[in-house]
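The next block holds one structure in the form of structure tokens; read it before the comments.
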Amino acid sequence: MSEFVADRPVEDLFDIVDAAARLIGGPVVVEDVDFRVLAYSTVAGQPNDEARRSAILNRRTPDRWLKWMEEAGICHRLQHDDRLVRLDAPWASSRTSRYIQPVRADGQVVGYLWFMGDGTELAPDFERTAHDFAEVLAPELSRRCRALDELPGGRLLRRFLGGNLTAAQLADALEVDGDDVDAVVLVFGADGQPAGPAAVRVLSRYTRTKRHTWLAGEVGPRTYLLHVAPELSEATVDQLVCETAADVERAMWSPIRTAAGSAGHGLASALRSRDEADLTLRVLEAGDRRAGCFSALRHEILVHEVVRFLRARPALTHGLLDALITHDRLHGTDYRRTLHVYLDCFGDVRRAAEALHIHANSLRYRLKRLADLASLDFADPDARLAVQLVLAATGST
483 MSEFVADRPV EDLFDIVDAA ARLIGGPVVV EDVDFRVLAY STVAGQPNDE ARRSAILNRR
543 TPDRWLKWME EAGICHRLQH DDRLVRLDAP WASSRTSRYI QPVRADGQVV GYLWFMGDGT
603 ELAPDFERTA HDFAEVLAPE LSRRCRALDE LPGGRLLRRF LGGNLTAAQL ADALEVDGDD
663 VDAVVLVFGA DGQPAGPAAV RVLSRYTRTK RHTWLAGEVG PRTYLLHVAP ELSEATVDQL
723 VCETAADVER AMWSPIRTAA GSAGHGLASA LRSRDEADLT LRVLEAGDRR AGCFSALRHE
783 ILVHEVVRFL RARPALTHGL LDALITHDRL HGTDYRRTLH VYLDCFGDVR RAAEALHIHA
843 NSLRYRLKRL ADLASLDFAD PDARLAVQLV LAATGST
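Its first residue numbered 483, the sequence shown is counted upward by one per residue in the numbering used here.
Here it is as structure tokens:
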């Protein structure tokens, strides 16, 4: 492969792609990590079909192919395997063979190479040539990825959320009245991991089609989106969460968690919205939900953060229910669960007894006994709240 790129600038992708097409005996397309066409071969006499023509005309792999590749597990394979993949789409002509080779730099996919044949054998060492070609193009495609990742808006957002740019300075940069706009921040994560540069690129494309002001970028390990508009309602934020979550998931082929803070008036309110978005994402990561807004989850978020605090400081909960727990373990009683159900029923003996499938008088006896064991005063509201928090922190059900 090196012989046909010697003394040739890598940026001249079309010439290199033509050289590769002649070498392997079939047409070649180079795409970036988002399946956008960067260059394609034009060697006379080589095969062509509707899918290739559509990709070239629309500058992107057709949605039909992308959907099939995702459903067939090919997109996942491309992210985790360097080997050439043959694509046998169910609707494709049996006379045409199509292959895709991931291009990787520093362990990250930065683009793709597409090869096509017309039923005749490609070059004998085709697979090795495809891999070599990917290595040649990797630095250039990596450079283009970094250029996309480091959008000016991303740098502004990182400085603002990082405390290195005031709301007034950001308002000047965005040419908006920082005191007369609404702002909201969304955060994206992939099962506890950063969503990464790919999410930034998807969000940047999404915002180009929208009105008003948007910034997308990475701050530390997380990906954020700032939206600034004259007015933002809860319904607008809900819709924004749904749309961006779907776009990012579709582009990354992996589950994404999307959390939004509440919309506030004034650009400075974005800092509070960012904190709220982070807290919301933490609650989503603790469960099985993929999207949520702070305004809808604020009670759950409050309890989650208090419980998290208590679990990090066991000295605060140690000893409060130890006698009860020990009695359950030694005597086979169920006082801990009884206490949990009783408090969940707001002290309603009849409802709690029904939930426990026992008689109300039996429950009253249990409550008296466990109150004596744990030195609990059910008439004390502070004691009731403290016990509920300890039960939540210790995972009682």
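Every residue gets a Cβ at the ideal spot worked out from N, C-alpha and C, and that includes glycine. Bear in mind that the values here come from a model prediction, so they are computed numbers and not experimental data.
For residue j and residue i, the rounded distance between their alpha carbons
i: Thr705; j: Arg641; result: 14 Å
i: Asp600; j: Ala571; result: 15 Å
i: Leu623; j: Val592; result: 6 Å
i: Ala750; j: Ala742; result: 16 Å
i: Leu855; j: Arg780; result: 35 Å
i: Asp810; j: Ile840; result: 18 Å
i: Leu871; j: Thr762; result: 20 Å
i: Gly555; j: Arg626; result: 26 Å
i: Thr695; j: Asp662; result: 13 Å
i: Gln651; j: His709; result: 16 Å
i: Leu505; j: Asn540; result: 26 Å
i: Arg577; j: Ala533; result: 14 Å
i: Asp531; j: Trp547; result: 13 Å
i: Leu858; j: Leu852; result: 8 Å
i: Asp816; j: Pro863; result: 23 Å
i: Phe563; j: Ala672; result: Strictly speaking, residue 563 in this sequence is Asp, with Phe absent from that position. One C-alpha to the other measures close to 20 Å.
i: Thr740; j: Val788; result: 22 Å
i: Val785; j: Asp614; result: 55 Å
i: Arg771; j: Ala728; result: 14 Å
Coarse secondary structure for residue i, derived from DSSP in three states
i: Gly877; result: coil
i: Phe597; result: strand
i: Glu657; result: coil
i: Gly635; result: helix
i: Val765; result: helix
i: Val723; result: helix
i: Val872; result: helix
i: Trp802; result: Checking the sequence shown, residue 802 turns out to be Leu, not Trp. Leu802 falls in the coil class under three-state DSSP.
i: Phe496; result: helix
Delimiting residues of the beta strand (DSSP E) encompassing residue i
i: Gln583; result: Ser579 to Ala587
i: Trp696; result: Thr695 to Val701
i: Cys775; result: Ala773 to Cys775
i: His709; result: Arg704 to Ala711
i: Thr740; result: Arg739 to Ala742
i: Leu520; result: Val519 to Tyr522
i: Ala797; result: It is not in any beta strand (DSSP E) - Ala797 carries neither H nor E in the DSSP assignment.
Whether residue i touches residue j by CB criterion (7 Å)
i: Ser523; j: Val510; result: yes
i: Leu668; j: Leu619; result: no
i: Leu520; j: Leu495; result: yes
i: Asp545; j: Val525; result: no
i: Phe517; j: Arg542; result: yes
i: Gly699; j: Gly636; result: yes
i: Ser456; j: Val666; result: Past the boundaries of the shown model lies residue 456; the chain is included only from 483 to 879, so the question cannot be answered.
i: Leu566; j: Ala502; result: no
i: Leu595; j: Ala616; result: yes
i: Ala834; j: Leu845; result: yes
i: Arg610; j: Met598; result: no
i: Asp664; j: Ala711; result: yes
Nearest-angstrom beta carbon gap, residue j and residue i [assumed within contact, 8 Å]
i: Ala882; j: Val730; result: Only positions 483 to 879 of the chain appear in this structure, which leaves residue 882 out of reach.
i: Ala653; j: Gly660; result: 3 Å
i: Leu685; j: Leu639; result: Going by Cβ atoms, the distance from Leu685 to Leu639 rounds to 11 Å, so no, they are not a contact pair.
i: Ile738; j: Phe791; result: The Cβ separation is near 28 Å, so there is no contact.
i: Glu758; j: Ser744; result: 6 Å
i: Thr799; j: Ala865; result: So it is not a contact: roughly 14 Å between Cβ atoms.
CB contact check: residue i to chain D, cutoff 7 Å
i: Leu806; result: Of the protein chains in this structure there is only one, and it is not chain D.
Endpoints, alpha helix (DSSP H) assigned at residue i
i: Leu714; result: It is not in any alpha helix (DSSP H) - Leu714 carries neither H nor E in the DSSP assignment.
i: Asp862; result: Note, Asp862: premise wrong, no alpha helix (DSSP H); not H, not E.
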